[in-house]
Structure formats: C-alpha cells, structure tokens
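A quick write-up on the structure given underneath.
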Amino acid sequence: MRKVAVVGVGETKFSGPQERTSVELFAEAAAEALAESSLKPKDIQALFLGNVLGDFSEGQGSVQAFAAENIGCFNVPANRYEGACASASMALRDAWIWVASGFYDVVLSGGVERAATMGTPLATRTFAMFSDSRYEFPSGITFPAVFAMLAHLYAAKYGIPLPKLKEQLAAVSVQSYKHGLLNPKAHLRKEVDAAAVLSSFMVSTPLQLHDCCPFSDGAAALVIASEEVAKKLTSKPVFIVGAGQASNGPMASQQDYLPRLRARELSAKRAYDMAGLKPDDIDICELHDCFSIASLIAAEGLGFFDFGTSGEAWMKGEADIGGKVAINLSGGLKAKGHPIGATGAGQVYEIAKQLRGEVEPERQVEGARIGMTDTLGGDGCTLVNMILQRGW
Amino acid sequence: MEYKLTHKEYSEALKQQKLLGLKCKDCGAVTVPPKMVCRSCASPDLEVLELKGTGRVQTFTTCNVTSEGREDEVPYHILLVELDEGAWLMGNLIGVEPEKATMEALIGKKVRMTETRVFPGDKYSAGEGASPTFVLEA
Numbered sequence: 001m002r003k004v005a006v007v008g009v010g011e012t013k014f015s016g017p018q019e020r021t022s023v024e025l026f027a028e029a030a031a032e033a034l035a036e037s038s039l040k041p042k043d044i045q046a047l048f049l050g051n052v053l054g055d056f057s058e059g060q061g062s063v064q065a066f067a068a069e070n071i072g073c074f075n076v077p078a079n080r081y082e083g084a085c086a087s088a089s090m091a092l093r094d095a096w097i098w099v100a101s102g103f104y105d106v107v108l109s110g111g112v113e114r115a116a117t118m119g120t121p122l123a124t125r126t127f128a129m130f131s132d133s134r135y136e137f138p139s140g141i142t143f144p145a146v147f148a149m150l151a152h153l154y155a156a157k158y159g160i161p162l163p164k165l166k167e168q169l170a171a172v173s174v175q176s177y178k179h180g181l182l183n184p185k186a187h188l189r190k191e192v193d194a195a196a197v198l199s200s201f202m203v204s205t206p207l208q209l210h211d212c213c214p215f216s217d218g219a220a221a222l223v224i225a226s227e228e229v230a231k232k233l234t235s236k237p238v239f240i241v242g243a244g245q246a247s248n249g250p251m252a253s254q255q256d257y258l259p260r261l262r263a264r265e266l267s268a269k270r271a272y273d274m275a276g277l278k279p280d281d282i283d284i285c286e287l288h289d290c291f292s293i294a295s296l297i298a299a300e301g302l303g304f305f306d307f308g309t310s311g312e313a314w315m316k317g318e319a320d321i322g323g324k325v326a327i328n329l330s331g332g333l334k335a336k337g338h339p340i341g342a343t344g345a346g347q348v349y350e351i352a353k354q355l356r357g358e359v360e361p362e363r364q365v366e367g368a369r370i371g372m373t374d375t376l377g378g379d380g381c382t383l384v385n386m387i388l389q390r391g392w
Numbered sequence: 393m394e395y396k397l398t399h400k401e402y403s404e405a406l407k408q409q410k411l412l413g414l415k416c417k418d419c420g421a422v423t424v425p426p427k428m429v430c431r432s433c434a435s436p437d438l439e440v441l442e443l444k445g446t447g448r449v450q451t452f453t454t455c456n457v458t459s460e461g462r463e464d465e466v467p468y469h470i471l472l473v474e475l476d477e478g479a480w481l482m483g484n485l486i487g488v489e490p491e492k493a494t495m496e497a498l499i500g501k502k503v504r505m506t507e508t509r510v511f512p513g514d515k516y517s518a519g520e521g522a523s524p525t526f527v528l529e530a
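Going down the list, the protein sequences come from chains A and B. Position 253 of the first sequence, counted from 1, bears residue number 253 in the numbering used here, the numbering being contiguous throughout. Whatever position you read off the second sequence (first residue = 1), add 392 for the numbering used here.
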C-alpha cells in the first residue's frame, strides 16, 4: 500500500434551500480543490462522489457522471456512493484504497446534497429510509426518534438524571454554535445559549430543536494523490494515515451494544491500528453530531472519554480548544450544517484546513498535527473514520 | 438455504396479533423480526416459534415531528422492548398521554402486545407495514 495525501480541498458554503443544482454545487467545490492542487480536470483519473437523495431532491440519479462531465473530467470512471450520512466518507475511503493500491495516482472525491431544498416533511421521510423500511418505518421512526431513544437509553444505562444530561447536551450545542459563528461556510451562524437550547421546540423527547442539526444544501471536494505525485504538487500534503469502515444492522439488532455503536468502535479501531496511533494522539476531531447526544456517543466510541462521562467533559471544556481534544471547530453538523452526501468530505476539508493553519484565528488550533473524522450513516448502519496527519 | 420465516409470513401473523420469531437450534437465541440466520451466532439452523409478546421497555421517545404524509399521527410513542425471550423489538406504545411518557413511568416497565397497528403505506413503501403495538401491564 502506498502513502496517499489530500492535496487540494474545496467546499461551498453550507446553507438552507438555494437555487444552484447539485452539479453546480459540486462544480464550485471541485474547482476550488483543483485550483489548490494546481491540477487540471484532465489530470483526474476517476471521481468518487457521495450523493444520497438527489433522486428525491431534484429528480437526478447518476449525478456523478454528470458532475464529472460538467467540470471537464470527460469520460472518467465515476462512482456514486450511498451510505446515508456517511456517503462522502465511504467515497473518500474507496478513493484512498484505489490510490493506495497503485491503480490510480490522482483522483477526485467528495459529495453533494440538496437536503434543505427538499423541505422538512420530505427530508424527514427520506432520512427515515436509512432505518429499516419493513420493521421500523411502520412504527413511525424518524432520524430524531432514533437518537432520542439513544438519549433516554444513555441516561438510563449510565445513571445520569435526565435534567443533568439535558444540561450537558445543551453545552454540546452551545459549543458548536460558538464555532459555527466564526466559520463563514457554516449554515447556522448565530449565538445560542443554553437557555435557548432548553426552551426550544420539542422535536422527539428528550431532543429539542437545538439538539438537532439542520437539513443543508452544500458540496465538498477533495483531490487525493499518491505520495510521489503529492510531493510535486504541494509543500503541505495532508496524509491519510488511517481509515476504517464498518456496518451495523437495524437499531433493535444492535441490542447488545446500545447506546454504544459497535460499527463505530470497529471502524475507529481499524483506523487507529492502521495509523499506529491512539485516541490520545488526536489533536482535533470532526465527529458526527447529527444530534447533541450523538456527540457524546461518538466521543466515547472514539476513545476520547470514558463511557458515560463525555457530557461532563464538554461542560469542562475538555472537548474544546485547549482541552483534551478539540472537537467540531467547524461548528459541526449542528452549526456548519449537514448536506448529508457531502458531510464527510466537509469534515476532511475542515481537518485539512486546520492542519495547514488556514482557518479563522479564533478557532484555529495552533500546531495541530493529527486530526480525525467520524461519519455515521443512519442509525449506525455505516460508520467511517479517517485519520489525517501533517506531511511537513 | 431455506428462508424459514419471510417478511410476508411474519407480517401476516403480526396483523393477527401473533408475534413470530426464530429460535436458534445452535445457541438458543431468538431472532425477531426474521433474518436468514441467527442474529447472535449466524447459524442458519432456526425454527419458527410464537413469542409471548411480553417484555420490558428499554427506551422510548414521543415524536412530535414526523414524515411527509404521516402528520396526522403525531404525537406518538416509539419504543424498544426487550421481549421475555431476549430479543429487542421496535414498536409503538399506546394508552399513555404524551405528558406522562417519562423515563420514570416507562423505562424498565412491563408491557404486552396489543392490537397491531398497520401503516397503510405511502408511495415509497412498497405497500403496508405492520408495527407491533404495546400497552403497559396493569
């Protein structure tokens, strides 16, 4: 296996409903990534693109082929990935495998989604497609309901009184809003305090509106290359030093592990083992905070904090700049937004920018060397983790 | 390999308020809803059995927002029940007012299956779907 680096990244602003097509959104992100890497579209050997709901949001299937042609990557092999909210990370992992194996030298990866364009009722319906359509949807399962049940289970399992857990969850959302406010590409840029979180609309008990990420439109793109090519293109290659992926069945089938998600713990272990690193080595992490409770479960599953204690860690600032590990400095899915097919690529965009020291000074971690991404699809059906390291 | 209990057979029985599961002849674990192999040890050596439809609430939520086309159903409760036979099953809880659906009132409490709710289906669902429905034991 060859070493592989991210040599260029691009991202649109994540937003509410907007009028650009999926192809146009991805083109903007791809143009930025290509410009950063000093490459032309003709240099790209293949496209690996995450897109989940284009069929529903704009009646567009096979967007990967149209996106490739649109940006001038004529006739390249183009693959679309659907792993619910982890789609772009799946796409990147496959892109990495093909370059690491020596089959390709330079490929484009990323994702695009118009989740906000669908509006809340259709988005809620289509997001519920990532639960079991035969055995869960008839009960009226929704994506918030999955994590709401995990929140009650988390409180019960770790013996945390619900009002205390709610206070911790509010702290998670407040921190994400704080960083999102500083990120010009974030969907939600506003200051929200704990009182506002705790008085917001009850979506699915015990999760309120400010516990939930928004549906977003947006795209992100990543050019990745073999080490040999990367060294010619950039003085700041960001190496992919670990990658993991795993799957789970429907929520009830995960009964032996919940509220922990077995797929995450297996995926993260694969990534750590490959990199020869431990949770303590990670400086910054973009993790899958589709709901506030999801942040706690993720931070524990990745090994940053003991099970049942990460809410306390957030309250003490251990998950912020200057703490044990700086989490979701982009604003996370909560504030930066969640264009599901693009989210994982957006996480890698953020980590690459952080490692290169290129984000706004107020949310920059000085000297960050190693970053991690964590992307979750559905109720844990797909988990992908990537570990990225400065190559200079 | 024979598929011992199909989705259709399971659903038709559930609509008659009969909960069918699969018992593993190798490890004894019960799998429900049906799969090709045991959820625990992956053995295909399974036999169909009727479950009691009783268990304890593991977790729940009360939904106030739902999918397009199902808006008339809110608020409703979804729960995960650990059946007496060991498997966890997702379903609905009825007979509890939304404001009374608290952790103290529900988690760990005994429930039993009652008349099955049938979602009539929408344009994406390939037909109807039966949902196991529970009430708290008196």
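We put the beta carbon where it would ideally sit given N, CA and C, even for glycine. Just so you know, these numbers come straight off a predicted model, no measurement behind them.
Legend entry - is_contact[residue 425 of chain B, chain A] using C-beta, thresh 9 Å: By this cut-off, residue 425 of chain B is an interface position.
Inset, instruction - Using a Cβ cut-off of 9 Å (strictly closer), state whether residue 205 of chain A contacts chain B. - result: Yes, its Cβ sits closer than 9 Å to a Cβ of chain B.
Legend entry - Limits of the unbroken alpha helix (DSSP H) element including residue 25 of chain A: Where residue 25 of chain A is concerned, the enclosing alpha helix (DSSP H) stretches over 22-37.
Inset, instruction - Tell me, please, which residues DSSP counts as bridged to residue 482 of chain B. - result: Answer is B:472, bridged to residue 482 of chain B.
Inset, instruction - Give, in chain order, every residue of the region 438-455 of chain B whose Cβ lies closer than 7 Å to some Cβ of chain A. - result: With the criterion set as a beta carbon lying under 7 Å from some beta carbon of chain A, the members of the region 438-455 of chain B are 450, 451, 452, 453, 454 and 455, in sequence order.
Legend entry - Assigned secondary structure, residue 372 of chain A (DSSP; H/G/I helix, E/B strand, else coil): Strand at residue 372 of chain A.
Legend entry - Best match in A:11, A:370, A:364 and A:291 for proximity to residue 186 of chain A [C-alpha to C-alpha]: That would be A:11, whose Cα lies nearest to the Cα of residue 186 of chain A.
Inset, instruction - Answer with yes or no whether the minimum CB distance from residue 198 of chain A to chain B is below 9 Å. - result: Interface criterion not met: the Cβ of residue 198 of chain A is under 9 Å from no Cβ in chain B.
Inset, instruction - Could you give the DSSP three-state label for residue 146 of chain A: helix, strand or coil? - result: DSSP places residue 146 of chain A in the helix class (H, G or I) of the three-state scheme.
Legend entry - For residue 159 of chain A and residue 340 of chain A, the rounded distance between their alpha carbons: Cα to Cα, the separation comes out at about 33 Å.
Inset, instruction - Closer than 8 Å by beta-carbon distance: list the chain B residues that pair up with residue 142 of chain A, in chain order. - result: For residue 142 of chain A, the residues of chain B that pass the 8 Å Cβ criterion are 455, 457, 458 and 459, in the order they occur in the chain.
Inset, instruction - Using alpha carbons as the reference points, say which of B:484, B:501 and B:520 lies closest to residue 526 of chain B. - result: Taking only the C-alpha atoms, the option nearest residue 526 of chain B is B:484.
Inset, instruction - Find out if the Cβ-Cβ distance for the pair residue 220 of chain A, residue 46 of chain A is shorter than 9 Å. - result: In this structure, residue 46 of chain A does not lie closer than 9 Å to residue 220 of chain A by Cβ.
Legend entry - Beta carbon of residue 389 of chain A nearer than 9 Å to that of residue 355 of chain A: Contact: yes.
Legend entry - Among A:311, A:343 and A:181, the one whose alpha carbon lies nearest that of residue 163 of chain A: Residue A:311 holds the alpha-carbon nearest to the alpha-carbon of residue 163 of chain A among A:311, A:343 and A:181.
Legend entry - 7 Å CB neighbourhood of residue 301 of chain A in its chain, flanking five on each side removed: For residue 301 of chain A, where only same-chain residues beyond five positions count, the Cβ hits under 7 Å are 260, 261, 264, 265 and 268.
Inset, instruction - Return helix, strand or coil for residue 177 of chain A, following the three-state DSSP convention. - result: Three-state result, residue 177 of chain A: helix.
Legend entry - Under 8 Å from the C-beta of residue 152 of chain A: neighbouring residues of chain B: Going along chain B in sequence order, the residues near residue 152 of chain A (Cβ under 8 Å) are 451, 452, 453, 495 and 499.
Legend entry - Option nearest residue 425 of chain B by Cα separation, candidates B:486, B:419, B:461 and B:445: Nearest neighbour of residue 425 of chain B by Cα position, chosen from B:486, B:419, B:461 and B:445, turns out to be B:445.
Inset, instruction - In the DSSP assignment, find the beta strand (DSSP E) that holds residue 109 of chain A and state where it starts and stops. - result: Segment 106-114, the beta strand (DSSP E) holding residue 109 of chain A.
Inset, instruction - Quickly, what does DSSP pair residue 506 of chain B with across the bridge? List them, please. - result: Under DSSP, residue 506 of chain B shares a beta bridge with B:525.
Legend entry - Counterpart residues of residue 186 of chain A in DSSP-defined beta bridges: DSSP, once it has assigned bridges, lists no residue as partnering residue 186 of chain A.
Legend entry - C-beta neighbour in chain A for residue 412 of chain B, strict 9 Å: Judged by the 9 Å Cβ criterion, residue 412 of chain B is not in contact with chain A.
Legend entry - Entirely enclosed alpha helix (DSSP H) segments - the region 292-377 of chain A, minimum 4 residues: With a minimum length of 4 residues, the unbroken runs of alpha helix (DSSP H) contained wholly in the region 292-377 of chain A fall at 292-301, 310-315, 332-335 and 343-355.
Legend entry - Entirely enclosed alpha helix (DSSP H) segments - the region 39-100 of chain A, minimum 4 residues: Segments of the alpha helix (DSSP H) lying fully in the region 39-100 of chain A: 54-57, 63-70 and 87-100.
Inset, instruction - With a cut-off of 8 Å on the beta carbons, I'd call residue 314 of chain A and residue 168 of chain A a contact; round off their distance for me. - result: Between the beta-carbon of residue 314 of chain A and that of residue 168 of chain A there is about 6 Å, and that keeps the pair under the 8 Å contact cut.
Legend entry - Runs of beta strand (DSSP E) wholly within the region 236-291 of chain A (minimum 3 residues, chain order): Within the region 236-291 of chain A, the complete beta strand (DSSP E) runs of at least 3 residues are 238-247 and 284-286.
Inset, instruction - Whole angstroms is fine: what's the gap from residue 422 of chain B's alpha carbon to residue 345 of chain A's? - result: If you take the alpha carbons of residue 422 of chain B and residue 345 of chain A, they lie about 40 Å apart.
Legend entry - Through-space distance from residue 405 of chain B to residue 2 of chain A, alpha-carbon basis: Computed Cα separation, rounded: 55 Å.
Inset, instruction - Compute the Euclidean distance between the alpha carbons of residue 506 of chain B and residue 172 of chain A, then round it to the nearest angstrom. - result: Roughly 39 Å between the two C-alpha positions.
Inset, instruction - Compute the distance between the beta-carbons of residue 440 of chain B and residue 410 of chain B, then report whether it is under 9 Å. - result: Going by C-beta atoms, residue 440 of chain B is not nearer than 9 Å to residue 410 of chain B.
Inset, instruction - Run down chain A in chain order and give the residues with a C-beta less than 8 Å from the C-beta of residue 401 of chain B. - result: Here the premise fails: no neighbours, minimum Cβ distance about 13 Å.
Legend entry - Proximity of residue 211 of chain A and residue 203 of chain A at Cβ, strictly below 9 Å: Contact annotation: residue 211 of chain A and residue 203 of chain A have beta-carbon atoms nearer than 9 Å.
Legend entry - Endpoints, the alpha helix (DSSP H) within which residue 495 of chain B is located: Judged by DSSP secondary structure, residue 495 of chain B falls within the alpha helix (DSSP H) whose first and last residues are 495-498.
Legend entry - Contact the region 276-283 of chain A vs the region 30-47 of chain A: 3+ CB pairs below 8 Å: No: fewer than three Cβ pairs fall under 8 Å.
Inset, instruction - Would you identify the three-state DSSP class for residue 221 of chain A, choosing helix, strand or coil? - result: If DSSP states are grouped into helix, strand and coil, residue 221 of chain A belongs with the strands.
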